[in-house]
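Numbering (the numbering used here), first residue to last: 461 to 801. Notes follow once the structure below has been shown.
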Amino acid sequence: MSRSKRKIDHINYALSTATSGSSGFEDLTFVHQSLPDLSVDEVSLHSKLGELNLSSPFYINAMTGGGGEKTEKLNEGFALAAKETGLMLSVGSQMAAIKDSSERRSYSITRKVNPKGIIVGNLGSEATLDQAKAAVDMIEADALQIHLNVIQELAMPEGDRSFTGALGRIEKIVTGLEVPVIVKETGFGMSRETVKKLENAGVSIIDVGGYGGTNFSRIENYRQQRELTFFNDWGITTTASIVEAKSSFSSSVIASGGIKNSLEVIKALSLGADAAGIAGAFLKIVIDEGPEALVEEIQQMQREQKVIMTALGARNTEQLKNTSVVISGPTYHWLKSRGLE
Ligand code: FNR
């Protein structure tokens with residue numbers, strides 16, 4: 461099967477395959493404060509991810525890859541929505557376009573549509589420094605995501621079977637690239653041990669890509685009409701991943717994996733994340749209703765987040781990190797058994 465066809469299948473199955481399990485946000489309850497001493501128009505949504513200045517603490521995470529007309533149309537829609545709302549946008553894996561220059565349009569369209577926005581490139585951990593530089597040049601990227609997707613590869617019969625040397629390649633890219641590197645998971649979460657290794661390799665921004673949202677094991681099993689079920693419930697939830705990461709990583713942490721609404725964005729930030737990435741939920745809106753609907757959704761989320769922050773008495777996203785939150789259920793048990801409660 462061609463890479464392009466497989467990527468289109470991923471989009472269709474991501475939309476139709478029910479995401480299972482939970483990212484853990486229902487385990488978090490804010491401690492209500494009756495005297496926030498704040499008004500909505502005093503609240504700032506600004507957030508910093510290393511040297512990247514975000515006007516809102518959430519963004520459109522990497523989706524699609526493999527090129528083709530459908531990818532181009534989707535990327536155009538995401539770029540339009542990002543431009544209209546000021547959100548950061550990550551494109552999907554650019555490897556196909558690095559190998560075949562006729563695919564480049566599907567990615568460079570994002571920069572054409574949104575010349576001044578924050579746009580992030582994307583490659584897998586098999587990439588070399590030269591490929592990383594080419595990915596950045598292709599879209600004049602402000603940063604580059606390197607995705608880790610061991611489980612997805614193992615779940616695909618045609619997927620990679622060797623994962624050696626990834627950390628060394630990441631270190632070379634971090635050292636040799638002029639823009640920041642974001643190392644991200646793709647729905648199975650990150651442990652503090654993984655995050656520590658990345659920090660030692662010089663990585664300054666990680667995206668935990670936790671369990672509970674888009675699930676590439678389920679997508680692959682569904683796509684191939686088979687049931688290698690052992691990976692379907694594999695992974696660290698997004699909430700547990702954020703705490704794992706914060707416990708051993710001193711730089712910027714992005715929360716993603718199953719984030720669907722403003723309350724979950726704010727909960728992720730209250731655990732210490734600096735921003736939240738949303739993929740599947742935004743993909744569904746763009747495909748079902750088009751880019752204008754995504755603009756409306758994002759604008760609504762921006763308004764809602766200011767309202768929630770007002771209730772919590774948090775004037776800005778830094779203050780959100782001091783918010784009192786009670787952790788219960790599976791997230792509590794995970795943190796307790798890992799000595800992180
Ligand atoms: C993805 N994701 C992804 N990630 C990445 O780093 N490079 C890629 O090319 C893709 N491609 C891709 C295609 C489709 C159709 C989906 C839905 C997702 C993974 C994505 O960025 C994110 O890590 C996961 O989807 C988990 O977040 P959500 O979807 O639960 O918000």
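In this text, a Cβ means the ideal position worked out from N, Cα and C, and glycines have one as well.
Residue 708 has its Cβ no nearer than 7 Å to any heavy atom of the ligand FNR. Assigned with DSSP and collapsed to three states, residue 581 falls in strand. Residues of the same chain with a CB within less than 7 Å of the CB of residue 787, apart from the 5 flanking positions on each side, are 487, 488, 795 in chain order. In this structure, residue 553 has its CB closer than 7 Å to one or more heavy atoms of the ligand FNR. For the set 592, 548, 530, the Cα lying nearest the Cα of residue 558 is the one of 592.
Counting only unbroken stretches of 4 or more residues, the alpha helix (DSSP H) elements lying wholly within the region 706-768 are 722-730, 740-749, in sequence order. Using a Cβ distance threshold of 8 Å, residue 781 and residue 737 do not count as a contacting pair.
For residue 529, there is no enclosing beta strand (DSSP E); the residue is found in the alpha helix (DSSP H) stretching over 528-545. Just so you know, the alpha carbons of residue 607 and residue 775 end up roughly 33 Å apart. Taking each of 708, 680, 684, 673 in turn and checking the Cα distance to residue 696, the smallest one comes out for 673.
In the pairwise beta carbon analysis, the region 482-502 is classified as not touching the region 606-620: fewer than three pairs are separated by under 8 Å. Remark: C-beta atoms of residue 520 and residue 540 do not approach each other more closely than 8 Å. Shown here, residue 699 sits in a helix according to DSSP, grouped into three states. In the pairwise beta carbon analysis, the region 705-715 is classified as touching the region 507-517: at least three pairs are separated by under 8 Å. With a cutoff of 8 Å on beta-carbon distance, residue 651 and residue 704 are scored as near each other.
Residue 513: not part of any alpha helix (DSSP H); member of the beta strand (DSSP E) spanning 512-514, first to last residue. In the DSSP annotation of this structure, residue 576 is not part of any alpha helix (DSSP H), being labelled neither H nor E. Residue burial annotation: residue 500 is exposed, with fewer than 16 other C-beta atoms found within 10 angstroms of its C-beta.
Taking 8 Å as the upper bound for CB-CB distance, residue 605 and residue 522 are in contact here, some 6 Å apart.
Note on geometry: alpha-carbon atoms of residue 571 and residue 563 lie some 15 Å from one another. If you compare the alpha carbons of 754, 771, 790, 791 with that of residue 544, the shortest gap goes to 754.
Between the region 622-631 and the region 584-602 there are three or more C-beta pairs closer than 8 Å, enough to call the two in contact. Short of 8 Å from the beta carbon of residue 768, and not among the five residues preceding or following it, lie these beta carbons of its own chain, in chain order: 722, 723, 726. The shortest CA-to-CA distance from residue 647 to any of 633, 634, 670, 654 is the one to 670. Counting along the chain, residue 588 sits inside no beta strand (DSSP E), nor does DSSP assign it H or E at all. In this structure, residue 744 has its beta carbon at no less than 7 Å from each heavy atom of the ligand FNR.
Following the DSSP letters along the chain, one finds residue 489 inside the beta strand (DSSP E) bounded by residues 488-490. In this model, residue 719 and residue 684 are separated by some 27 Å (Cα to Cα).
Secondary structure at residue 603: strand, using DSSP grouped into helix, strand and coil. For residue 610, the three-state secondary structure derived from DSSP is helix. Taken from the Cβ of residue 605, at least one heavy atom of the ligand FNR lies inside 7 Å.
With contacts defined as CB atoms closer than 8 Å, residue 602 and residue 579 qualify as a contacting pair. A straight-line Cα-Cα distance of about 26 Å links residue 535 and residue 765. In the DSSP assignment, residue 677 falls within the alpha helix (DSSP H) that extends over 676-683.
By a beta-carbon distance limit of 8 Å, residue 496 contacts residue 771. Their separation comes to about 6 Å.
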